[in-house]
Amino acid sequence: MDYSPGASYIFFDGVCNLCNGFVQFVINHDKKARFKFASLQSEAAQNILLPFHFPLEELKTIALVENGKIYLRSKAVLRIAKRLDGAWKIFVVFSIFPTFISDAVYNLVSKYRYKIFGKKDSCMVPTPELKSRFIG
1061 MDYSPGASYI
1071 FFDGVCNLCN
1081 GFVQFVINHD
1091 KKARFKFASL
1101 QSEAAQNILL
1111 PFHFPLEELK
1121 TIALVENGKI
1131 YLRSKAVLRI
1141 AKRLDGAWKI
1151 FVVFSIFPTF
1161 ISDAVYNLVS
1171 KYRYKIFGKK
1181 DSCMVPTPEL
1191 KSRFIG
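Here is the structure:
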């Protein structure tokens, strides 16, 4: 596993179409390749998230690990958006809302993500060009 404590890692539900779309979006707007990725179902995710006492069966939560800290749900999404190239930094304006409000919206979308966006039978397999961006 190529894990570096100083890097930024995004962990996502590997069978969720919405989550996979989000990962593709981040890849397309992260020209400096700051983020690395792994599905929550992967062994790499389990190993890295273990010290944070992250419930490994919790597939409906995006997790961002960077600088020895974990960020979940809306905090993770907003922190990721802030570091993307282009106008996506503007989404940081949503940080003005208390976490319990932004997480409530996040949880609502997460609850219905399979019904609205569907799901895959297996986790995404990165293309050879993107393989270096994925761990595990």
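Each residue of the sequence shown is one higher than the one before, counting from 1061 in the working numbering.
In this text, a Cβ means the ideal position worked out from N, Cα and C, and glycines have one as well.
Quick caveat: nothing in here was measured; it's all calculated off a predicted structure.
Look at serine 1134 and aspartate 1163 and say whether their C-beta atoms are less than 8 Å apart. Position 74 of the sequence shown holds residue 1134. Position 103 of the sequence shown holds residue 1163. Closer than 8 Å, so yes.
Report the option in Glu1103, Leu1109, Phe1072, Ser1170 whose CA atom is closest to the CA atom of lysine 1129. Counting from 1 along the sequence shown, the entry for residue 1129 is found at position 69. Answer by Cα proximity: Leu1109.
Distance check for lysine 1175 and leucine 1094, CA to CA, integer angstroms please. Taking the sequence shown and counting its residues from 1, one reaches residue 1094 at position 34. Taking the sequence shown and counting its residues from 1, one reaches residue 1175 at position 115. Residue identity check: residue 1094 is arginine in the sequence provided, not leucine. Taking the straight line joining both Cα atoms gives about 31 Å.
Smallest Cα separation from asparagine 1107: which of Val1152, Asn1088, Phe1071? For the purposes of this step, residue 1107 is identified with residue 47 of the sequence shown, where counting begins at 1. When only C-alpha atoms are compared, the closest one is Phe1071.
Would you say the beta carbon of isoleucine 1195 comes nearer than 7 Å to a heavy atom of the ligand ADP? This structure lacks the ligand ADP; in fact it carries no ligand of any kind.
Inspect the beta-carbon positions of lysine 1191 and asparagine 1077 and report whether they are closer than 8 Å. Start at 1 with the first residue of the sequence shown, and residue 1191 comes out as number 131. Start at 1 with the first residue of the sequence shown, and residue 1077 comes out as number 17. Result no, Cβ atoms of lysine 1191 and asparagine 1077 do not sit closer than 8 Å.
By Cβ distance below 6 Å, which residues in the same chain neighbour aspartate 1073 in space, the five residues on each side in sequence not counted? Position 13 of the sequence shown, counting from 1, holds the residue named residue 1073. Here the set comprises Cys1079, Leu1100, Leu1119.
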